[in-house]
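A.B. asks: My structure is below; once you've seen it, I'll send some questions.
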Amino acid sequence: DAGVTQSPTHLIKTRGQQVTLRCSPKSGHDTVSWYQQALGQGPQFIFQYYEEEERQRGNFPDRFSGHQFPNYSSELNVNALLLGDSALYLCASSSSPGTGFGANVLTFGAGSRLTVL
Amino acid sequence: AQSVSQHNHHVILSEAASLELGCNYSYGGTVNLFWYVQYPGQHLQLLLKYFSGDPLVKGIKGFEAEFIKSKFSFNLRKPSVQWSDTAEYFCASHEAGTASKLTFGTGTRLQVTL
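Top line first, the protein sequences correspond to chains X and H.
Taking the numbering used here, the leading residue of the first sequence gets 1, the next gets one more, and so forth.
Taking the numbering used here, the leading residue of the second sequence gets 1001, the next gets one more, and so forth.
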């Protein structure tokens, strides 16, 4: 059990559609980060949410947006899907930034595999 | 910008062979370094981490890694691999103080044969 739960596990969309992926962090964690893992590649950082605000962002276009709820769960939204958005989307949780080493250790979920046709 | 390089993309070893996977990072400042493992069909799991102190760190399942600052390296080792070590291994780093924003390498797929 990863402690981080993601849904859905698999989904198929067509180009131009929109998708929402969901994540519940590990108990005791309040910071959520999202990563995109394309086939054969390492995970790429999309953004991080803490206190319901986007705190850091990687090199992803504005089509990628997110949200964090008061219970620390999070959503990743991708608009106007492209074929290149096909990937495994990973959610990772950690403790609050600035709380020492714990903030630097991520717990990952199993991911949501998105296929864009 | 930071980058992490893993030069071994696919490694095949027989059981009981020794393992060393290379990892080099590019950032010149203070970094925290990690090795994650992804077993088939499972989530990414932390193998070990280096923040400071003893450059030889020990992780789970008999893995260890050595931080060599002069070489910008953090290679993963295991003296004797098992079939159950078959997985994908990712090296990752982040600038100390930038909590959670990890930069990953492209991964090394390890296949252990019986």
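Just so you know, even glycine gets a beta-carbon here, dropped at the ideal spot from N, CA and C.
Model, not experiment: these values are computed from the prediction.
Excluding the five sequence neighbours on either side, which residues of its own chain have a C-beta within less than 6 angstroms of the C-beta of H/R1109, listed in chain order?
C.D. replies: As a position in the second sequence, residue 1109 of chain H is number 109, starting the count at 1. Closer than 6 angstroms at the Cβ level, and outside the excluded window around H/R1109, lie H1010 and E1088.
A.B. asks: Using a cut-off of 8 angstroms between C-beta atoms, extract the partners of H/C1106 located in chain X.
C.D. replies: What you label residue 1106 of chain H is simply residue 106 of the second sequence in a count that begins at 1. Contrary to the premise, residue 1106 of chain H reads as Thr rather than Cys in this sequence. The answer, in chain order, is G40, Q41 and G42.
A.B. asks: Run through chain X and tell me which residues come within less than 7 angstroms of H/F1072, C-beta to C-beta.
C.D. replies: Residue 1072 of chain H sits at position 72 when you count from the first residue of the second sequence. Those do not exist, as H/F1072 stays about 17 angstroms from chain X at its closest Cβ, beyond 7 angstroms.
A.B. asks: What residue range is occupied by the uninterrupted beta strand (DSSP E) comprising X/I46?
C.D. replies: One-based indexing of the first sequence puts residue 46 of chain X at position 46. Per DSSP, X/I46 belongs to the beta strand (DSSP E) from Q44 to Y50.
A.B. asks: Would you call the CB atoms of X/L117 and X/L76 closer than 8 angstroms?
C.D. replies: As a working mapping, residue 117 of chain X is identified with position 117 in the first sequence. As a working mapping, residue 76 of chain X is identified with position 76 in the first sequence. No, the Cβ-Cβ distance between X/L117 and X/L76 is not below 8 angstroms.
A.B. asks: Under 8 angstroms between beta-carbons, which chain X residues line up against H/F1090? List them in chain order, please.
C.D. replies: Taking the second sequence and counting its residues from 1, one reaches residue 1090 of chain H at position 90. For H/F1090, the C-beta contacts it makes with chain X under 8 angstroms involve G42 and P43, in order along the chain.
A.B. asks: Can you give me, in chain order, the residues of the region 1045-1066 of chain H that have a beta carbon less than 7 angstroms from any beta carbon in chain X?
C.D. replies: For the region 1045-1066 of chain H, which is checked against every Cβ of chain X, the residues closer than 7 angstroms are L1046, K1049 and F1051.
A.B. asks: Cutting at 6 angstroms between CB atoms, please list the residues of its own chain near H/K1078, excluding the five before and the five after it.
C.D. replies: Against the second sequence, residue 1078 of chain H aligns to sequence position 78. Within the same chain, H/K1078 has close Cβ partners L1019, G1062 and F1063.
A.B. asks: So, is X/N59 buried or exposed, given that buried needs 16 or more other C-beta atoms within 10 angstroms?
C.D. replies: In the first sequence, the residue the question calls residue 59 of chain X occupies position 59. Per the 10 Å Cβ criterion, exposed.
A.B. asks: So what does DSSP say about H/S1003, is it helix, strand or coil?
C.D. replies: Counted from its first residue, the second sequence places residue 1003 of chain H at position 3. Looking at H/S1003 - three-state DSSP - the assignment turns out to be coil, as it is neither helix nor strand.
A.B. asks: Figure out for me which residue from H/I1012, H/G1053, H/Q1002 and H/V1004 has the closest Cα to the Cα of H/Q1111.
C.D. replies: Position 111 of the second sequence, counted from the start, is the residue given in the question as residue 1111 of chain H. Ranking H/I1012, H/G1053, H/Q1002 and H/V1004 by Cα distance to H/Q1111 puts H/I1012 first.
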